[in-house]
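Q: FYI, the numbering for the sequence shown is 91 to 148, going by our numbering. By construction, the Cβ of each residue, glycine as well, lies at the ideal position given by its N, Cα and C atoms. Shown below is the structure under consideration.
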Amino acid sequence: MNATTQNATPVLLDEERQPCEIWTRVMGYHRPVSSFNTGKKGEFYERTYFTEEASLAA
């Protein structure tokens, strides 16, 4: 079998891109962040996530 593979990185124009929808768990169920009001979006983006390295340094 004579197959060649090309590992070239595809180049996309801005018109070809699609936005990535971010979902998060709220009160036991999942919701898209895009449906949040302005205040809730601000709270979501201010969240800090647990990392083991940071907790060991404290």
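For Trp113 versus Arg121, is the C-beta distance shorter than 8 Å?
A: yes
Q: Under the assumption that Ser124 contacts Glu111 (Cβ atoms under 8 Å), give the Cβ distance between them as a whole number of angstroms.
A: 6 Å
Q: Strictly by DSSP, which residues pair up with Val116?
A: Tyr119
Q: Check each candidate in Val101, Pro109, Val116 and Asn97 and name the one with the smallest Cα separation from Lys131.
A: Val116
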